[in-house]
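Below you'll find the structure, written out as structure tokens, and then a few comments.
In this note's numbering, the protein residues as written are 2 to 204.
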């Protein structure tokens, strides 16, 4: 049980910082129906757990070995994040307007995958974080640790989705607009950071 809680706390520390994943879940909870936002949360959880497992078993070393893989992830990730953030910044908010709650599952899966996987820094940081703990665990304790870190994803993303989805009616157009601009700006900055890393790699 000790290793389960160790995995849980490390998992929470890994997912808690505000990044593209969290912002995507927050925006979906604000704009979509509760059902849609929960579906999104579960899809993000799936990709987050697969990323954590990949980090746990050392995908960062693959990127160090195959530079082209890192370059592709940097380019695709940066372009997508800049596009996603810009779209949020310029979007107009009207709470009286009907929002399309039938966003295709394919689109949700695609966006969830990109905001989770196409961030080399997250892959490298995750590999260092989980890899360091893996080195201290015996084979018999691995399962408990992994279950703990996976539980963190469920607790965090479902918690965000449910809390924001429940209280989103207190947000008026002006507040939602500010939230969009802040979230969009942060996402664009993430994208620019990745693009800068890509350019540095090319040069």
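The beta carbon of each residue, even a glycine, is placed where N, CA and C say it ideally should be.
Can you tell me whether residue i is helix, strand or coil according to DSSP?
i           : result
residue 10  : helix
residue 58  : coil
residue 173 : coil
residue 33  : coil
residue 138 : coil
residue 194 : helix
residue 204 : coil
residue 93  : coil
residue 151 : helix
residue 99  : For residue 99, the pLDDT reaches just 49, beneath the cut-off of 50, and the residue's location in the model is therefore unreliable, leaving the point undetermined.
residue 185 : helix
residue 20  : coil
residue 120 : coil
residue 131 : helix
residue 67  : coil
residue 105 : coil
Might you give, ordered along the chain, the residues of its own chain that have their beta carbon closer than 7 Å to the beta carbon of residue i, omitting 5 neighbours on each side?
i           : result
residue 169 : 30, 31
residue 10  : none
residue 1   : Given that the chain is displayed from residue 2 to residue 204, the structure contains no residue 1 and the question cannot be resolved.
Going by Cα to Cα distance, which pick from the options is closest to residue i?
i           : options            : result
residue 25  : 13, 72, 5, 115     : 115
residue 92  : 70, 186, 112, 73   : 186
residue 88  : 189, 200, 194, 108 : 189
residue 165 : 27, 3, 23, 13      : 27
residue 79  : 195, 202, 151, 109 : 195
residue 74  : 12, 174, 139, 123  : 123
residue 54  : 15, 33, 66, 36     : 15
residue 161 : 12, 36, 23         : 23
residue 193 : 38, 77, 66, 36     : 77
Got a sec? Which residues, its chain only, sit under 8 Å from residue i by beta carbon, not counting five neighbours each side?
i           : result
residue 191 : 20, 21, 82, 86, 120
residue 68  : 202
residue 72  : 199, 202, 203
So residue i and residue j are in contact, right, with Cβ under 8 Å, and what is the actual spacing, rounded?
i           : j           : result
residue 131 : residue 57  : 4 Å
residue 8   : residue 141 : Not confirmed; about 14 Å, so no contact.
residue 113 : residue 12  : Contact flag wrong, Cβ pair sits at about 18 Å.
At a cut of 8 Å, does the region 41-51 reach the region 177-196 through at least three beta carbon pairs? Fewer than three Cβ pairs drawn from the region 41-51 and the region 177-196 lie within less than 8 Å of each other, which leaves the two stretches out of contact.
Is there contact between the region 45-61 and the region 152-163, where contact requires at least three CB pairs shorter than 8 Å? They touch, by the three-pair rule.
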